[in-house]
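Engineer:
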Amino acid sequence: MTRAFNKIKLHGFNNLTKTLSFNVYDICYAQTFQQRREYIEYIDEEYNAERLTRILTEVAEIIGANILNVARQNYEPQGASVTMLIAEDETEIHQQFTNAEEPGPLPESLVCHLDKSHLTVHTYPESHPENGISTFRADIDVSTCGRVSPLRALNYLIHSLESDIVTMDYRVRGFTRNVYGGKHFIDHAINSIQNFIAEDTKERYHMIDVNIYQENLFHTKMMLKDFELDDYLFGGNASDLASQEQQTIADRVKNEMLEIFYGKNIPHPDIESSRR
């Protein structure tokens, strides 16, 4: 349960800065050099600058922002980046949308106060030449000022970027004043990012939190519960492999997922022998 907040009568502009940093990882096994190259090419095309721009444009609409400027770039040999400068939208708010942090997406009619705010995304495809593991990472930052919250875009991003691992950081910085001069360092109720994640997502992922409440800093990590080897093989099927080889590949993929999820190297006999 989140803590209830009464409405605060503010003096002037609400200048709290709210930032959602969102990282997703897609993992696959590509056995041959050709398969690894084809996987990188596939990911590079699937998440090129044009598609990433469409995703960020939708995020801007969900949080109620006007796009002032877009800078985007595809990179050689792989990867892409998109940055958007966003500003306030003067659309009149509807009475039923009084909670700016209500999970989204929500309709576009929303007042928001944004100044020098931005949306960014960067991609990082990579592969390992020895153990067949290829990993794609996308980093997205949604930073806003004022009433509107980037948490509105959370469910859209999770569903748009179907991923094996998701890590999220949400932080509220700065302060705003009420009419009596008192400072408010947060203007909405939250004790976990999980409060804003759709139930179907919660059912599909393992989740853990690392939160620092006194600093208004919230961290959530997610890892898919179900594992089907065919979902991780690029350029082949599990049925074409001997049972021992299936087990070896499954162990490597699961080890990769666990290392990313826990943020540390985890020794595994098969993988350690391939590194020597």
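Each number in the working numbering comes from the position in the sequence shown (counting from 1) with 1336 added on. Each residue gets a CB set at the ideal place from its N, CA and C atoms; glycine is no exception.
#1: Alpha carbon to alpha carbon, how far is GLN1409 from ALA1416? Give it in angstroms, no decimals.
#2: Assign THR1556 to buried or exposed, taking buried as 16 or more other Cβ atoms, counted over all protein chains shown, within 10 Å of its Cβ.
#3: What residue does the beta strand (DSSP E) around HIS1555 start on, and which one ends it?
#4: Just verifying my parser: in three-state terms, what is the DSSP assignment at ALA1586?
#5: Excluding five sequence neighbours on each side, which residues of the same chain lie with their C-beta closer than 6 Å to the C-beta of SER1470?
#6: What number of angstroms, rounded off, separates the C-alpha of ILE1529 from the C-alpha of GLU1595?
#7: Indicate whether LEU1493 and TYR1506 have their beta-carbon atoms separated by less than 8 Å.
#8: Tell me which residue opens and which closes the beta strand (DSSP E) that VAL1546 is part of.
#9: Over what stretch of residues does the beta strand (DSSP E) that includes VAL1360 continue unbroken?
#10: Short check: CB of THR1503 to CB of ASN1359, under 8 Å?
#11: Under 8 Å by Cβ, that's how I've got ALA1385 and LEU1404 pegged, so tell me the actual separation to the nearest angstrom.
#12: Helix, strand or coil for ALA1474, going by three-state DSSP, please let me know.
#13: Please look up how many angstroms separate the CB atoms of TYR1383 and ALA1489, rounded, as I've assumed it's under 8 Å.
#14: By Cβ distance below 6 Å, which residues in the same chain neighbour MET1558 in space, the five residues on each side in sequence not counted?
#15: Helix, strand or coil, according to DSSP, for ASN1405 in the structure here?
#16: Runs of 3 residues minimum, wholly inside the segment 1499 to 1526: which ones carry the beta strand (DSSP E) assignment?
#17: If you draw a straight line from the alpha carbon of GLU1564 to that of PHE1511, how long is it in whole angstroms?
#18: Across which residues does DSSP place ASN1410 in a beta bridge pair?
#19: Taking 8 Å as the limit between beta carbons, can you name the residues of its chain near ASN1601, skipping five residues before and five after?
Structural biologist: So, from the data block:
#1: 6 Å
#2: buried
#3: 1553 to 1560
#4: helix
#5: CYS1364, ALA1366, ARG1372, TYR1375, SER1463
#6: 22 Å
#7: no
#8: From DSSP, VAL1546 is part of no beta strand (DSSP E); its letter is neither H nor E.
#9: 1353 to 1365
#10: yes
#11: No, ALA1385 and LEU1404 are not in contact; Cβ-Cβ is about 18 Å, not under 8 Å.
#12: strand
#13: About 17 Å separates the two Cβ atoms, so there is no contact after all.
#14: VAL1502, TYR1541, MET1543
#15: strand
#16: 1501 to 1509
#17: 47 Å
#18: ALA1416
#19: GLU1595
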